[in-house]
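Residue numbers (the numbering used here): 128 to 537.
The beta-carbon is built from N, C-alpha and C at its ideal position, and this holds for glycine as well.
For clarity, every value in this text was computed on a predicted model and none was experimentally measured.
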């Protein structure tokens, strides 16, 4: 690849990573460090605050659809200006919240424009602007994004003891607005912008699948089913990980330590899977991801030591990362990039709902099944079912993405 194109590629991925880092205030990890001081200051229980977080997240599930459509219509840079300002204002609103009602409104904004808006902008931006080895680019973005999101809780946990939680929210919000607006300007200056970014020779990049509408719809449904299932299962098990492993005789301390190897494995798998997606038929990717997820969930039944608990954590992190590293490439391959923001926005809305209800739903399943271990065994049926459906569903072929009119994958 020519040096100029290499530089352009690195600029695109780095810009996407910046957007993922800016999503921090709206991510669960970033919000979590504020929970205890906010609960104490607002005189609410942790349970009440958790319920407000659930309501705000569910309400935010509607954001992906209209925001994705806006990214397609106006371009990522223009959409980013809206997202950055809205996310920053939401963080500032959280800083002045006098009660739980106002805080719930702020949570809606944080989740709408942090978890959904920034991550959607990052993935759509990279997918639209990278054509060659797109899977590798999105895999790298996923790997870097995992560490980028951790910046917010790392910094906030140090600012809160010194300045208090309210000023820390203001600092976070102001930072998002400034860096978001600067990044959007940089997109335009470097011509890293939709629609139809130009390569170094001035040739317009146009990419659109010739697949019939029903095959594109099938592709969207298959990817969405895999993405939402992965979100539901991984969130449920991560949220209840200490309880799940506690039933297997693992201490709370050892269970909590699982998140470190889980994160490292996720980064490595994202890099590997991203490169593989460029080289293998799309037909097998979702089933493969679902097999990895089912294996991760099923492995909890065999955990009987701290080493086994680490293996479970690695498997769970790998499953979530494999899906995250491949969904953007599959959507672009099967439905094209012209309306990628709209389609991915819809998928994100479904995923947000699945992750919002996952902890509570898994608790209900555990109550009915008698234990968290039994609940995990039942949940294995979800990825297995999605894998089977993905194998028999007619999907667009690779040739259709190149503008040919062959028969669908069967």
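Cα-Cα separation between residue i and residue j, rounded to whole angstroms
i: residue 418; j: residue 366; result: 21 Å
i: residue 512; j: residue 496; result: 20 Å
i: residue 538; j: residue 207; result: Here the chain has residues from 128 to 537 only, and residue 538 is not among them.
i: residue 465; j: residue 343; result: 13 Å
i: residue 192; j: residue 455; result: 16 Å
i: residue 425; j: residue 451; result: 20 Å
i: residue 353; j: residue 416; result: 8 Å
i: residue 144; j: residue 249; result: 7 Å
i: residue 444; j: residue 361; result: 8 Å
i: residue 390; j: residue 312; result: 32 Å
i: residue 136; j: residue 204; result: 17 Å
i: residue 539; j: residue 295; result: Summary: the structure shown does not reach residue 539, with the chain confined to residues 128 through 537, and so no result is reported for it.
i: residue 273; j: residue 310; result: 20 Å
i: residue 371; j: residue 503; result: 9 Å
i: residue 401; j: residue 314; result: 24 Å
i: residue 499; j: residue 435; result: 17 Å
i: residue 378; j: residue 493; result: 20 Å
i: residue 301; j: residue 242; result: 17 Å
i: residue 178; j: residue 397; result: 32 Å
i: residue 174; j: residue 491; result: 16 Å
i: residue 501; j: residue 368; result: 14 Å
i: residue 176; j: residue 392; result: 31 Å
i: residue 180; j: residue 132; result: 43 Å
i: residue 395; j: residue 270; result: 7 Å
i: residue 308; j: residue 201; result: 16 Å
i: residue 508; j: residue 453; result: 22 Å
Residues of its chain near residue i, where Cβ-Cβ distance is below 6 Å and the 5 sequence neighbours each way are ignored
i: residue 477; result: 351 and 355
i: residue 520; result: 345 and 349
i: residue 224; result: 230 and 233
i: residue 299; result: 152 and 218
i: residue 72; result: Since the first and last residues shown for the chain are 128 and 537, residue 72 lies out of range.
i: residue 482; result: 358 and 362
i: residue 423; result: 442, 443 and 446
i: residue 437; result: 388
i: residue 183; result: 231, 234, 235 and 238
i: residue 475; result: 191, 243 and 247
i: residue 375; result: 430
Same chain, Cβ closer than 8 Å to residue i, neighbours up to 5 away in sequence not counted
i: residue 518; result: 410 and 414
i: residue 276; result: 147, 148, 150, 151, 154, 156 and 157
i: residue 363; result: 485, 486, 488, 489 and 506
i: residue 399; result: 266
i: residue 164; result: 287, 291 and 292
i: residue 473; result: 191, 192, 195, 347 and 351
i: residue 280; result: 151, 156, 157, 159 and 160
i: residue 141; result: none
i: residue 139; result: 252, 253, 256, 257, 264 and 319
i: residue 283; result: 157, 160, 161, 295 and 299
Per-residue burial, residue i [other beta carbons within 10 Å of its own, 16 or more giving buried]
i: residue 228; result: exposed
i: residue 431; result: exposed
i: residue 256; result: buried
i: residue 289; result: exposed
i: residue 448; result: buried
i: residue 161; result: buried
i: residue 239; result: buried
i: residue 188; result: buried
i: residue 420; result: buried
i: residue 439; result: buried
i: residue 480; result: buried
i: residue 268; result: buried
i: residue 412; result: buried
i: residue 220; result: buried
Strand pairing of residue i, partner residues [DSSP]
i: residue 443; result: None, per the DSSP bridge assignment.
Same chain only: Cβ atoms within 7 Å of residue i, ignoring 5 sequence neighbours per side
i: residue 304; result: 211, 212 and 215
i: residue 459; result: 254, 261 and 467
i: residue 328; result: Unreliable positioning characterises residue 328 in this predicted model, as indicated by a pLDDT of 39, which lies under 50. The coordinate reading is nonetheless provided below. Closer than 7 Å at Cβ, skipping near neighbours: no residue.
i: residue 330; result: Residue confidence for residue 330 is low, a pLDDT of 37 falling below 50, so the modelled location carries little weight and cannot support an answer.
i: residue 171; result: 227
Query raised in the report: Which full runs of the alpha helix (DSSP H) of 4+ residues lie inside the region 195-282, going along the chain?
Result: Whole alpha helix (DSSP H) segments, 4+ residues: 203-223, 227-237, 246-256 and 261-276.
Requested in this report: With a floor of 4 residues, list each alpha helix (DSSP H) that falls wholly inside the region 139-205, ordered by position along the chain.
Outcome: Entirely contained in the region 139-205, the alpha helix (DSSP H) runs reaching 4 residues are, in chain order, 155-159, 162-169, 173-187 and 190-201.
Query raised in the report: Which ranges does the alpha helix (DSSP H) cover as unbroken runs of at least 4 residues, wholly within the region 344-424, from first to last along the chain?
Result: Runs of the alpha helix (DSSP H) inside the region 344-424: 368-373, 379-383 and 386-404.
Query raised in the report: Of all the alpha helix (DSSP H) runs that stay within the bounds of the region 422-505, which reach a length of 4 or more residues?
Result: For the region 422-505, whole alpha helix (DSSP H) runs of length 4 or above, ordered along the chain, are 433-462 and 467-496.
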